[in-house]
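Sequences listed follow chains A and B, in order.
Numbering follows the numbering used here, with no gaps: position 244 of the first sequence is 244.
Numbering follows the numbering used here, with no gaps: position 119 of the second sequence is 119.
From the three backbone atoms N, C-alpha and C, an ideal C-beta is built for every residue, glycine too.
Nothing here was measured: the structure is a model prediction, and the numbers come from that model.
Beneath this line is the structure, given in structure tokens, with notes to follow.
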Amino acid sequence: MTSRVMRDFDLLLPESVAEVVDLLTRHKNNAAILAGGTDLLIALKFDYAVDNVISLALVPGLAELTFDPEKGLVIGARVTIADILKSPEVRENYPALWQAAKVFATPQLRNTATVLGNVLRASPAGDCSLALLALGGSVLLKNSRGEREVDIDNFWISYGVTARQDDELAMAFKIPPPAAGQKSAFRRMTRTTEDLSKISAAVSLQMGGGTCQTARVAMGCVGPTLVRLPGVEKILEGAEISPEVLQEIVAATAAEINPIDDKRSSAEYRLKVAGVLVKRVIGQALDNGGNN
Amino acid sequence: MKKHAITLTVNGEEHDLVVPSNRTLLDALRDDLGYTDTKYGCGTGECGACTVLVDGTTSLNGCLTLAATMDGRSITTAAGLARDGNLHPVQESFIRHDAVQCGFCTPGMVLKTISLLAENPTPSEAEIRHGLEGNICRCTGYSKIVEAVQDAGSRMQGTGE
Chain A
1 MTSRVMRDFD LLLPESVAEV VDLLTRHKNN AAILAGGTDL LIALKFDYAV DNVISLALVP
61 GLAELTFDPE KGLVIGARVT IADILKSPEV RENYPALWQA AKVFATPQLR NTATVLGNVL
121 RASPAGDCSL ALLALGGSVL LKNSRGEREV DIDNFWISYG VTARQDDELA MAFKIPPPAA
181 GQKSAFRRMT RTTEDLSKIS AAVSLQMGGG TCQTARVAMG CVGPTLVRLP GVEKILEGAE
241 ISPEVLQEIV AATAAEINPI DDKRSSAEYR LKVAGVLVKR VIGQALDNGG NN
Chain B
1 MKKHAITLTV NGEEHDLVVP SNRTLLDALR DDLGYTDTKY GCGTGECGAC TVLVDGTTSL
61 NGCLTLAATM DGRSITTAAG LARDGNLHPV QESFIRHDAV QCGFCTPGMV LKTISLLAEN
121 PTPSEAEIRH GLEGNICRCT GYSKIVEAVQ DAGSRMQGTG E
């Protein structure tokens, strides 16, 4: 072969969700789900070994991206990053997610990689995952005994580890409908835009009468998982977002994160810029979502 | 390891082949079918040398796609772009602007340009640079490539390509 060959595995091509669940029940942690495959295939070319790869390519119903103003957004397991970018409803109602999709990896990868795969990867540098953490929502999981939803706040356990059990298929991500006055934005720092983030931030603010009623503030690349910043959220909630409040947030951010040195940046640098990044992403959210 | 009987249409020609589960689309194209214009660079979806177009103008990395999941799909490689002995306008523009040095990235760059122009026929320089992310040229800068894309965009206006 011309190129690096993946280790041996059996590719299974089930044609229904029930069949996928049966295969997962049988093979458990000796099976991997293939949706986009942009993480899985790389892992299989290096140090990951599994005997069964279960492709979702022929499973109907999982490629749907549906928005309902009453029910919110449902992102099926095969919905790609490019599908998110093509959705006017996402752009209008969930700008943080649309903005994360816009700078996500490269066009080829956006055409292939899935939103749910990004969530399941449980990386602290996941861009769409960070937007989803700020927007809030849940992962819909299904096994042979039934379905359950896990709140995104409880889904990531540690680096690369999620609440999904080996026999569960992640069917969809569900985001609640946008509240009146909800504003959101995503922002990150990279050397070139196709790089993984050095540090990233996303917010979702519910504004009413000039004050922030509720806030979800999340950061990436500042700990083993993506994290929320409850101290910053507390400053925002009930406050008018004045320059003084923003300065308070800049000062408060560093105490809430625990970054490390790695090849993309240093802990010192991340601590220094984190507060400014949070301030800017709040400004971007208030500036009509900052879509451009 | 399981094997899969699939049909791939490559540059308009239908091929029946049997591939093992772990065969990438890139390896199927190059080693099973002889479409060596599709290049192997990094194998991890970062360089874009293995870019192909699927079912029209959607760009994918052949190195991160399993051939067995592409049954029945239609693939375009750079070798399939010419029509009746005439190069595609994007290929013409790359030649005119000397946007080729060693040439290794060129098939992927040309295909990616076609994909970009299908979505946005008149991209700005910033849009071209953003659109060509994921295709790396290691010979030189990207100025001539950007010029070639701009030129191709204006030449293709109204031609329906």
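Taking the beta strand (DSSP E) that residue i falls in, what are its first and last residues?
{"i": "residue 66 of chain A", "result": "65-68"}
{"i": "residue 212 of chain A", "result": "211-220"}
{"i": "residue 31 of chain A", "result": "31-34"}
{"i": "residue 20 of chain B", "result": "13-20"}
Hey, is residue i's beta-carbon within less than 8 Å of any beta-carbon in chain B?
{"i": "residue 6 of chain A", "result": "yes"}
{"i": "residue 76 of chain A", "result": "no"}
{"i": "residue 263 of chain A", "result": "no"}
{"i": "residue 108 of chain A", "result": "yes"}
{"i": "residue 194 of chain A", "result": "yes"}
{"i": "residue 65 of chain A", "result": "no"}
{"i": "residue 41 of chain A", "result": "yes"}
{"i": "residue 55 of chain A", "result": "yes"}
Under 8 Å between C-beta atoms, does residue i make it to chain A?
{"i": "residue 56 of chain B", "result": "no"}
{"i": "residue 153 of chain B", "result": "no"}
{"i": "residue 92 of chain B", "result": "no"}
{"i": "residue 68 of chain B", "result": "yes"}
{"i": "residue 103 of chain B", "result": "no"}
{"i": "residue 17 of chain B", "result": "no"}
I need the DSSP call for residue i, collapsed to helix, strand or coil.
{"i": "residue 123 of chain B", "result": "coil"}
{"i": "residue 189 of chain A", "result": "strand"}
{"i": "residue 140 of chain B", "result": "coil"}
{"i": "residue 182 of chain A", "result": "strand"}
{"i": "residue 79 of chain A", "result": "coil"}
{"i": "residue 195 of chain A", "result": "coil"}
Could you tell me the boundaries of the alpha helix (DSSP H) in which residue i lies?
{"i": "residue 149 of chain B", "result": "143-156"}
{"i": "residue 278 of chain A", "result": "267-286"}
{"i": "residue 147 of chain A", "result": "No alpha helix (DSSP H) contains residue 147 of chain A, which is instead part of the beta strand (DSSP E) from 146-151."}
{"i": "residue 22 of chain A", "result": "17-27"}
{"i": "residue 253 of chain A", "result": "243-253"}
{"i": "residue 296 of chain A", "result": "Lying before the first or after the last residue shown, residue 296 of chain A is absent from chain A, which here runs from 1 to 292."}
{"i": "residue 94 of chain B", "result": "89-96"}
{"i": "residue 127 of chain A", "result": "127-135"}
{"i": "residue 44 of chain A", "result": "40-45"}
{"i": "residue 235 of chain A", "result": "230-236"}
On a CA-only basis, which of the options is nearest residue i? Give me that one, please.
{"i": "residue 50 of chain B", "options": "B:37, B:58 and B:103", "result": "B:37"}
{"i": "residue 212 of chain A", "options": "A:88, A:283 and A:116", "result": "A:283"}
{"i": "residue 10 of chain A", "options": "A:38, A:44, A:4 and A:16", "result": "A:44"}
{"i": "residue 215 of chain A", "options": "A:190, A:198 and A:241", "result": "A:241"}
{"i": "residue 113 of chain B", "options": "B:82, B:102, B:70 and B:145", "result": "B:145"}
{"i": "residue 64 of chain B", "options": "B:139, B:26 and B:6", "result": "B:26"}
{"i": "residue 135 of chain B", "options": "B:43, B:6 and B:15", "result": "B:43"}
{"i": "residue 281 of chain A", "options": "A:53, A:189, A:254 and A:92", "result": "A:189"}
{"i": "residue 249 of chain A", "options": "A:225, A:277 and A:261", "result": "A:277"}
{"i": "residue 92 of chain B", "options": "B:149, B:69 and B:76", "result": "B:149"}
Return no unless some Cβ of chain C is closer than 8 Å to the Cβ of residue i.
{"i": "residue 124 of chain B", "result": "Among the protein chains of the structure shown, namely A and B, there is no chain C."}
So, under 8 Å CB-CB, residue i and residue j are touching, yes? Tell me the CB distance rounded to an integer number of Å.
{"i": "residue 198 of chain A", "j": "residue 121 of chain A", "result": "About 18 Å separates the two Cβ atoms, so there is no contact after all."}
{"i": "residue 183 of chain A", "j": "residue 169 of chain A", "result": "About 34 Å separates the two Cβ atoms, so there is no contact after all."}
{"i": "residue 74 of chain A", "j": "residue 174 of chain A", "result": "5 Å"}
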